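**Q** Sharing a structure, written as structure tokens. Questions coming.
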């Protein structure tokens, strides 16, 4: 009967320390979301399949977890269909629902469905799990948590300025100094493609350009050649490969390069506006970098795009991202709602903070005080005391059994409980309890009132 | 292309007010869990199917949401099996994973899997969603949130005492006064069955007895007769139907009734121990009631069982429950781990607080102050000011577009923002901003420093 228990590949159990640390990150992010005026919403873990399918490309559709219909789900399936064993035909007949793949599409669905209850511009945040049937690897899980903030219903670029400040506030507050906020603009990428005469190859060209950091200019050029981009066009890219200097200097070089492209110049103007409006709004620990090679998911972004890289030396993909999309709600029938949003990847941020040893000592799950259990009479005495401690908000517990002292002390040790209170016969008589510091071994005699004052 | 968006039956979107109110309940419960020494864990949303299936009875298995395997899940299905269209044969071949049905079985799996990392007794809490393909109705959803606390590895009845206090602390803190904590003991039910000579009909008898409140003694007796319980045995139940008086008086009557049943008397002794240990530990707003008809899920409870009823007049099933189980981890191969736990039903508690209008006014999602946007120059001035407010932890936002004043004021109204700040040309010159109270219409001229001091 007994099974050797395990959990599905790519999923995780979180122990008390891990939950506390995750909640520390989440509450830090939420605090800033709220300070910036974002309001929380939540959507169901599963959506109707047609809400999700077709929104993330073919690969995305494959990675979506589908839920089997309940009851006699096979009874209505066509026999001929069944005999083909063709999943693309069978799945829609036996599965009406699917697990959330990201928070953005459900958010767009929410906005359209509830448009009459919403006062636009709508600033929402959402911290929930998403599921992807991806191959698990470091920093990539099948169930993970996204922390998103978006504004829909305004095309003001001040939002982009605020999001940059928000990245800076969150990462500064988490003690993760030295992050780089990379910024680019899809219009600039479109402008480059136009300038090259390669508008029809926009995706191939940006996918290749995106790899400049990793594989170098020569290999990027080769990939573009392989994709059928004209060698002369690629030559025109040379200034992009050589782009250097400060934010403003790069802007200047790109202005020259894109002089003939309206859309490209518009992208540059947007970047300039954002940079100018950041003057006087100090970035505390992050660095803003214009990264013309940054592409991100091309499916719905139309304006500025962001990505945050962990401090130099930490091997981890981007830990945040985002951008502006001009027509996300259009897929659900609501046109002309410009939106912009960002997403914090909780699981990756966790790994980075862990690697750099940046979790504060105070982020802990356990109680402050354990009452040692000496037997029925003493336990009953301690129970009454303990509830007085708890009334004062002090996290405390009584060891439930009057077992061996050594076992109780080991319990305190293993659970990282910093203090124990010993209240045996003598202590009860004198009204002075023995407080033992588990780290130093130091013992003190104190009354209950004194102890409550001390730990409150 | 456009779809009319909707969500699956039995699921819900939560708007900012709803999320804030849910978080208010959750944070209240968590605070007390922590004060009582429980530590948080989390488990994956889906488990391997064999972890869940067979643990909740046949009906439970049917209500579990199964996840379709990814990829070419049909390729390995036997053709003969497929042509039968028999779901009980096909489902195990195309679905390896299933969504969590409750938090208790995953917790038992967790304890067994991580037993070498845990210092027992292990006190854990867990606040996560569960999914059931149940027919939706008032207070019953297909995705809902459970807030569980359990202790495993100790059979001390002091735990039961603490859980009663915990119920009282949580409901008192939520302002939900007048709840009834019903207590019973599975051993008492076994004793009654023994005394009747109906041990083999224990389940039928308790299921019928459980309905005493709703259908009355006569109908309960009829149901027992229908189930084949001997009329003479049913006559012996008469004192149970007539049980009355205080907790102690009921205990006295049950002692007489169960005089010949060892297990029954043991159950009574446990209830007495708990009641005695509550002396001096005042229950603030709840009432403890011995309810001999209380049965709860019979599958794994073996000792005390609890259920909390909302205050009289509120039509809602139980809002909390729990009990002791002596061998939950046994299904995963770990014997002799007594456990006891309780569960708060977030969604039902929400409905009760809403019905009784008990959510504090202060539980709100939005910002405190909206800066009105008068144009590019003013917006830039306000941005810098706004970040000073945010640095002081004040929730504030700038309307992103310099649209009509009326539109901006409507936005503040609809989002329940209590104050707006007007900083036009005059205000910028004088350095005194206009603060408008949206409720009273009152306006004041204050410097930025004065404003920050006021809202901090």
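Residue numbers (the working numbering), protein chains in the order written: chain A, 1 to 456; chain B, 1001 to 1456.
We treat Cβ as the ideally placed atom computed from N, Cα and C, and that holds for glycine.
From a predicted model like this one, the values you see are computed outputs, not experimental measurements.
#1: I think residue 306 of chain A touches residue 317 of chain A, with their Cβ atoms under 8 Å apart; what is that distance to the nearest whole Å?
#2: So which residues of chain A does residue 1322 of chain B contact, with C-beta pairs closer than 7 Å?
#3: Using DSSP's beta-bridge definition, name the partner residues of residue 1357 of chain B.
#4: Could you round the C-beta distance between residue 130 of chain A and residue 26 of chain A to whole angstroms and report it? I think they count as a contact, below 8 Å.
#5: Classify residue 1449 of chain B as buried or exposed, calling it buried when 16 or more other Cβ atoms lie within 10 Å of its own Cβ.
#6: Considering just the uninterrupted stretch of the beta strand (DSSP E) at residue 1371 of chain B, what are its terminal residues?
#7: Please report the distance separating the alpha-carbon of residue 1055 of chain B from that of residue 72 of chain A.
#8: Can you confirm whether residue 1195 of chain B, when its beta carbon is compared against all beta carbons of chain A, has any partner nearer than 8 Å?
#9: Do residue 233 of chain A and residue 223 of chain A have their beta-carbon atoms positioned less than 8 Å apart in this structure?
#10: Given a cut-off of 8 Å on the beta-carbon distance, is the pair residue 1261 of chain B and residue 1195 of chain B in contact?
#11: What does the Cβ neighbour count give for residue 1400 of chain B, buried or exposed, with the cut at 16 atoms within 10 Å?
#12: For a quick check, are the C-beta atoms of residue 117 of chain A and residue 1014 of chain B less than 8 Å apart?
#13: Does any residue of chain A have a CB that is nearer than 8 Å to the CB of residue 1383 of chain B?
#14: Going by Cα to Cα distance, which pick from B:1329, B:1310, B:1447 is closest to residue 1457 of chain B?
#15: With distances taken from CA atoms, which of B:1165, B:1259, B:1185, B:1201 is nearest residue 1228 of chain B?
#16: For residue 1280 of chain B, count neighbouring C-beta atoms within 10 Å of its own C-beta (all shown protein chains included) and say buried if the count is 16 or more, exposed if not.
#17: Tell me the DSSP bridge mates of residue 321 of chain A?
#18: On the DSSP bridge list, what partners appear for residue 1149 of chain B?
#19: Taking residue 1365 of chain B as the reference, give the member of A:33, A:29, A:23 with the closest Cα.
#20: How would you list, in chain order, the residues of chain C whose beta-carbon sits under 7 Å from the beta-carbon of residue 19 of chain A?
#21: Between which residues of its own chain and residue 1359 of chain B is the CB-CB distance below 8 Å, once the five residues before and five after are set aside?
#22: Could you check whether the Cβ of residue 393 of chain A sits closer than 8 Å to any Cβ belonging to chain B?
#23: Ignoring anything shorter than 3 residues or poking outside the segment 1261-1305 of chain B, list the beta strand (DSSP E) runs there in chain order.
#24: CA-CA distance, residue 403 of chain A and residue 1235 of chain B?
#25: Within the segment 1053-1099 of chain B, note down every full alpha helix (DSSP H) run reaching 4 residues or more, in order along the chain.
#26: From the DSSP output, which residues share a beta bridge with residue 1400 of chain B?
#27: Nearest to residue 1312 of chain B by alpha carbon, out of B:1445, B:1162, B:1286?
#28: Express the C-alpha separation of residue 383 of chain A and residue 1149 of chain B in angstroms, rounding to a whole number.
#29: Determine, using beta carbons only, whether residue 122 of chain A and residue 99 of chain A come nearer to each other than 8 Å.
#30: Could you tell me the distance, in whole angstroms, from the CA atom of residue 29 of chain A to the CA atom of residue 35 of chain A?
#31: Taking residue 60 of chain A as the reference, give the member of A:135, A:187, A:294, A:410 with the closest Cα.
#32: Could you name the residues of the segment 1294-1321 of chain B whose beta carbon sits closer than 8 Å to any beta carbon of chain A, in the order they occur along the chain?
#33: How many Å lie between residue 1432 of chain B and residue 165 of chain A at the Cα?
#34: So residue 1351 of chain B and residue 1153 of chain B are in contact, right, with Cβ under 8 Å, and what is the actual spacing, rounded?
#35: Confirm, please, whether the CB-CB distance from residue 187 of chain A to residue 264 of chain A is below 8 Å.
#36: Select from the segment 359-373 of chain A all residues with a C-beta closer than 7 Å to any C-beta belonging to chain B, and list them in chain order.
**A** In brief:
#1: Counting from 1 along the first chain, the entry for residue 306 of chain A is found at position 306. Counting from 1 along the first chain, the entry for residue 317 of chain A is found at position 317. The pair is not a contact, with the Cβ atoms about 14 Å apart (cut-off 8 Å).
#2: For this step, residue 1322 of chain B is matched to residue 322 along the second chain. Ordered by position in chain A, no residue passes the 7 Å Cβ test against residue 1322 of chain B, which lies about 16 Å from the chain.
#3: In the second chain, residue 1357 of chain B corresponds to position 357, counting from 1. The secondary-structure analysis by DSSP pairs residue 1357 of chain B with nothing; it has no beta-bridge partner.
#4: For the purposes of this step, residue 130 of chain A is taken as the residue at position 130 of the first chain. For the purposes of this step, residue 26 of chain A is taken as the residue at position 26 of the first chain. That belief does not hold up - the Cβ atoms of residue 130 of chain A and residue 26 of chain A are roughly 15 Å apart, past 8 Å.
#5: For the purposes of this step, residue 1449 of chain B is taken as the residue at position 449 of the second chain. Looking at its Cβ environment, which holds fewer than 16 other Cβ atoms inside 10 Å, residue 1449 of chain B is exposed.
#6: If you number the second chain from 1, residue 1371 of chain B lands on position 371. Going by DSSP, residue 1371 of chain B is part of the beta strand (DSSP E) stretching over 1369-1371.
#7: Here the question's residue 1055 of chain B lines up with position 55 in the second chain. Here the question's residue 72 of chain A lines up with position 72 in the first chain. Between residue 1055 of chain B and residue 72 of chain A, the alpha-carbon positions lie close to 21 Å from each other.
#8: Counting from one through the second chain, the residue named residue 1195 of chain B turns up at place 195. Using beta-carbon distances, residue 1195 of chain B does not count as an interface residue toward chain A, since no partner is under 8 Å.
#9: Along the first chain, read from residue 1 onward, the residue named residue 223 of chain A stands at position 223. Along the first chain, read from residue 1 onward, the residue named residue 233 of chain A stands at position 233. Going by C-beta atoms, residue 223 of chain A is not nearer than 8 Å to residue 233 of chain A.
#10: Working through the second chain from its first residue, we reach residue 1261 of chain B at position 261. Working through the second chain from its first residue, we reach residue 1195 of chain B at position 195. When the beta-carbon positions are compared, residue 1261 of chain B and residue 1195 of chain B come within less than 8 Å of each other.
#11: As a first step, residue 1400 of chain B must be located in the second chain, where it is residue number 400. By the C-beta density criterion, residue 1400 of chain B is buried, having at least 16 other C-beta atoms within 10 angstroms.
#12: Position 117 of the first chain holds residue 117 of chain A. Position 14 of the second chain holds residue 1014 of chain B. Not in contact: residue 117 of chain A and residue 1014 of chain B (Cβ atoms no closer than 8 Å).
#13: Locating residue 1383 of chain B in the second chain gives position 383, counting from the first residue. Cβ-Cβ to chain A under 8 Å: yes for residue 1383 of chain B.
#14: Outside the displayed range of chain B (1001 to 1456) lies residue 1457 of chain B, so it cannot be described from this structure.
#15: Taking the first residue of the second chain as position 1, residue 1228 of chain B is located at position 228. Comparing Cα-Cα distances from residue 1228 of chain B to each of B:1165, B:1259, B:1185, B:1201, the minimum goes to B:1201.
#16: Here the question's residue 1280 of chain B lines up with position 280 in the second chain. Under this definition residue 1280 of chain B is an exposed residue.
#17: Here residue 321 of chain A refers to the residue found at position 321 of the first chain. Residue pairing by DSSP places residue 321 of chain A opposite A:307, A:343 in a beta bridge.
#18: To locate residue 1149 of chain B, count along the second chain from 1; it is residue 149. Residue 1149 of chain B pairs with B:1125, B:1342.
#19: Counting from one through the second chain, the residue named residue 1365 of chain B turns up at place 365. Residue 1365 of chain B has its Cα closest to that of A:33, out of A:33, A:29, A:23.
#20: The displayed structure is made up of protein chains A and B, and chain C is not among them.
#21: Numbered from its first residue, the second chain carries residue 1359 of chain B at position 359. Closer than 8 Å at Cβ, skipping near neighbours: 1021, 1024, 1353.
#22: The residue given as residue 393 of chain A occupies position 393 in the first chain. Output row for residue 393 of chain A: interface = yes.
#23: The qualifying runs are 1287-1290.
#24: As a first step, residue 403 of chain A must be located in the first chain, where it is residue number 403. As a first step, residue 1235 of chain B must be located in the second chain, where it is residue number 235. Residue 403 of chain A and residue 1235 of chain B: Cα-Cα distance of roughly 46 Å.
#25: For the segment 1053-1099 of chain B, whole alpha helix (DSSP H) runs of length 4 or above, ordered along the chain, are 1057-1063, 1079-1084, 1087-1094.
#26: Mapped onto the second chain, residue 1400 of chain B falls at position 400. In the DSSP assignment, no residue is bridged to residue 1400 of chain B.
#27: Residue 1312 of chain B sits at position 312 when you count from the first residue of the second chain. Among B:1445, B:1162, B:1286, the Cα nearest to that of residue 1312 of chain B belongs to B:1286.
#28: Your numbering for residue 1149 of chain B matches position 149 in the second chain. Your numbering for residue 383 of chain A matches position 383 in the first chain. One C-alpha to the other measures close to 19 Å.
#29: Taking the first chain and counting its residues from 1, the one referred to as residue 122 of chain A is at position 122. Taking the first chain and counting its residues from 1, the one referred to as residue 99 of chain A is at position 99. No, these two residues do not count as a Cβ contact at 8 Å.
#30: Locating residue 29 of chain A in the first chain gives position 29, where the first residue counts as 1. Locating residue 35 of chain A in the first chain gives position 35, where the first residue counts as 1. Near 10 Å, if we compare the C-alpha coordinates of residue 35 of chain A and residue 29 of chain A.
#31: Here the question's residue 60 of chain A lines up with position 60 in the first chain. Answer by Cα proximity: A:135.
#32: Among the residues of the segment 1294-1321 of chain B, none has a Cβ less than 8 Å away from any Cβ of chain A.
#33: Position 432 of the second chain holds residue 1432 of chain B. Position 165 of the first chain holds residue 165 of chain A. One C-alpha to the other measures close to 26 Å.
#34: Taking the first residue of the second chain as 1, we reach residue 1351 of chain B at position 351. Taking the first residue of the second chain as 1, we reach residue 1153 of chain B at position 153. In fact, because the Cβ distance is near 35 Å, the residues do not count as touching under 8 Å.
#35: If you number the first chain from 1, residue 264 of chain A lands on position 264. If you number the first chain from 1, residue 187 of chain A lands on position 187. For residue 264 of chain A and residue 187 of chain A, yes; Cβs fall inside 8 Å.
#36: Those residues of the segment 359-373 of chain A placed with their C-beta closer than 7 Å to a C-beta in chain B are 365, 366, 367, ordered along the chain.
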